[in-house]
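Engineer: Residues 79 to 142 (our numbering) are what the sequence shown spells out, left to right.
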Amino acid sequence: MNINNFVALIARMAADRLMNWGIRRANAPKPGARRTPQQQSHEKAMREAVKRARQAARITRRMQ
């Protein structure tokens, strides 16, 4: 690997991370903003899904 490829690799990694950071920041809820009922129900459904996934992981660990 020559120096040009290495620099291009590092630049691409940095650009990807910065792009993802900006997208996440733009889509994040604003501080102090009220959530809509639709957002609240979506968050509740996600919490329940995570709870079921953790429970399934615990059960499969016990089975092994």
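The C-beta atom is built at its ideal place from N, Cα and C for all residues, glycine as well. All figures in this text were calculated on a predicted structure; none of them were measured in a lab.
For N82 and R90, I'd like the C-alpha separation in whole angstroms.
Structural biologist: Counted from its first residue, the sequence shown places residue 82 at position 4. Counted from its first residue, the sequence shown places residue 90 at position 12. Their Cα atoms are separated by approximately 12 angstroms.
Engineer: What residue does the alpha helix (DSSP H) around G100 start on, and which one ends it?
Structural biologist: Residue mapping note: residue 100 aligns to position 22 of the sequence shown, counting from 1. I81 to N105 is the span of the alpha helix (DSSP H), which, as asked, contains G100.
Engineer: Just reading off the alpha helix (DSSP H) that K108 is part of, what are its end residues?
Structural biologist: Counted from its first residue, the sequence shown places residue 108 at position 30. Taken as a continuous stretch (DSSP letters only), K108 belongs to no alpha helix (DSSP H), as it is neither H nor E.
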